[in-house]
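Colleague: Counting along the sequence shown from 1, when you hit position 150 you're at 149 in numbering that gives the first Met the number 0, and nothing is skipped either side.
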Amino acid sequence: MENQADGQINCDVLVVGGGPAGSTTATMLQRRGLNVLQLEKDHHPRFHIGESLLPANMPILEELGVLDEVRGIGMLKLGADFPEVGDNYRTYHFSRSLGKTPPYAFQVKREDYDEILFRNAQRSGVDAREGVKVDRVEIQADGSCIAQATVETGEKLAIRARYLVDASGRDTLLGNALKIKVKNQKHQSAAIFAHFKGVTRRPGDEAGNISIYRFDYGWCWFIPLSDGLMSIGCVCFPEYLKQRRGRTAEFLLDTLKLMPGAVERMADAEIVGEVRVTGNYSYTCSAMTGRGFVMVGDAFAFVDPVFSSGVYLAMHSGKHAAALVDAVLRNPQQESALQAAFEKRIRRGVRVFSWFIYRFNSPVMRSLFASPRNVLKVEQGVISMLAGDVFDSGPVMRRLHLFKAIYAATGLANFKRWWDDLRERRRQSATDFSGGTTPVDPS
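(1) Start and end of the beta strand (DSSP E) containing Ser210?
(2) Between Asp297 and Ser188, how many whole angstroms is the CB-CB distance? I'm expecting something under 8 Å.
(3) Taking the alpha carbon of Ala55 as the point to measure from, which residue in Ser383, Arg426, Arg397 and Arg109 has its own alpha carbon closest?
(4) Tell whether a beta-carbon distance below 8 Å holds between Ala79 and Tyr91.
(5) Counting only runs of 3+ residues fully inside the region 87 to 152, write out the beta strand (DSSP E) ranges in chain order.
(6) Is it buried or exposed for Ser285, if we count other Cβ within 10 angstroms and need 16 for buried?
(7) I believe Val12 touches Arg161 by the beta-carbon criterion, under 8 Å. Please report the beta-carbon distance rounded to the nearest angstrom.
(8) Who are Glu269's beta bridge partners in DSSP?
(9) Using the Cα positions of Thr23 and Ala166, report the straight-line distance between them to the nearest angstrom.
(10) Where do the ends of the beta strand (DSSP E) carrying Gly514 lie?
(11) Just the Cα atoms here: how many angstroms apart are Ser442 and Thr277?
(12) Nearest by alpha-carbon distance to Gly317: which of Leu163, Val133 and Lys180 is it?
(13) When you compare the region 402 to 416 with the region 361 to 369, are there three or more beta-carbon pairs, one atom per stretch, that lie closer than 8 Å?
(14) What does a CB cutoff of less than 6 Å around Ile222 pick up in its chain, not counting 5 residues either side in sequence?
(15) Can you confirm whether the region 15 to 34 touches the region 314 to 329 when touching is taken to mean that 3 or more C-beta pairs between the two stretches lie within less than 8 Å?
(16) Measure the Cβ-Cβ separation of Val65 and Leu116 and say whether it is below 8 Å.
(17) Taking 8 Å as the limit between beta carbons, can you name the residues of its chain near Lys403, skipping five residues before and five after?
(18) Short of 7 Å in beta carbon distance, which residues of its chain neighbour Arg30, apart from the five on each side in sequence? Order them along the chain.
(19) I need the DSSP call for Met258, collapsed to helix, strand or coil.
(20) What does DSSP give as the partner residues of Trp218 in its beta bridges?
(21) Who are the near neighbours of Val374 in its chain, counting only those whose CB is closer than 7 Å to its CB and skipping five residues on each side?
(22) Look at Asp325 and Leu60 and say whether their C-beta atoms are less than 8 Å apart.
(23) Under a Cβ-count criterion, where at least 16 other Cβ atoms within 10 Å of its own Cβ denotes burial, should Asn183 be classed as buried or exposed?
(24) Run the CB neighbour count on Glu249, radius 10 Å, all protein chains shown included, and call it buried at 16 or more, exposed below.
(25) May I ask which residues mark the beginning and end of the alpha helix (DSSP H) holding Arg345?
This is the structure in structure tokens:
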């Protein structure tokens, strides 16, 4: 890293953020021969929700050289189960997917996972620093970036980079600075979550699978972790979560009682640590790229986590952003075309997940997931989506389009129920929520 006499740090690429998106991008850029400065405002390990990985993550972890490390901290995940009628459930096994994704993934404690990726970036030669908050960025006329940052000691840093990667997560550094962060008008929710001990797991090889439950006001995740804990959270309509009135732990437990199958697994459960609430959900920035910058992961968009897509989309966008930035710095005149192709690709994957997410709790989707039919391998196409195969597989995409047609036909056959549900979801999307307890929630 080059320092001028006046103390300014010069680098090829400034990566803001030390999560999966930032560390993936930084590592791959450094390995391409660029000088990368990565700044993370906190210190690893730091708590983060979102512990469930997808099979499509595995090839990226292998490319980064950390798959064995992640295996060492992870709980093997062979599939996901969803409720049927009553207390029964149906497991969707990744081994039945159509594409080439591995038949497994891992559940991980994010503080350990994120630290593995960050330390790997440092080992790869990235100047990756913790306890440094980027206060301000400014894109110059020539596309370079001038940034100001503050070290936790109070020291001020001036940085000049040839390119900026915003991997600031839900802090949305550029989204806020450029005023392009937009609340999702189709889907809005809030979440309450905690870690528990003593929760009953699925038997045998299914012990590491994620379980999804539904109730009238949202849905719930059960994610088993390797240390015996279970991550449990409820993603709710904002209107419903507003009712908690300070009874945070009790409210979470009362909500779990609304779900047959879930409450039975909680007979010997105890909360470990803090119960957290967040309402800063579901947004998209109107642009993902611009002269001299690219956004990756949650810095661009955050959608409901029901299909565990967040970490994969972050790392996938980070991998492709690294290729984009390297190509642009070598051929600046191609920036617009390269950015357009990158943005088209990432938006396409987000759209696939979002279509299912927006409709997940609808009566139609409930019935289809509870009683799937593998006609023309449609069920296997859905499993491929659950595995993260949403970008390059024509056979998968054709099955997902067919599933959408089945969804529409089923909705028309039960039009009144479908219409009433749609109206309620739109009403909830217009409801604001405040009172979250995470750093990204307004105080």
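Every residue, glycine too, gets a C-beta built ideally from N, C-alpha and C.
Modeller: Taking the structure as given:
(1) Ile209 to Phe214
(2) Contact doesn't hold; Cβ gap of about 15 Å is too wide.
(3) Ser383
(4) yes
(5) 88 to 92, 104 to 106, 126 to 129, 131 to 138 and 144 to 150
(6) exposed
(7) 7 Å
(8) Lys196
(9) 10 Å
(10) Residue 514 falls outside the range modelled here, since the chain spans only 0 to 442, and no answer is possible.
(11) Because Ser442 carries a pLDDT of 46, less than 50, the predicted location of this residue cannot be relied on, and the following value inherits that uncertainty. Cα to Cα, Ser442 sits roughly 11 Å from Thr277.
(12) Leu163
(13) yes
(14) Glu50, Ser51, Gln106, Ile209 and Ser230
(15) yes
(16) yes
(17) Trp354
(18) Ser123
(19) coil
(20) Arg213 and Val234
(21) none
(22) no
(23) buried
(24) exposed
(25) Looking at the sequence shown, residue 345 is not Arg but Ile. That run of the alpha helix (DSSP H) goes Glu334 to Arg358.
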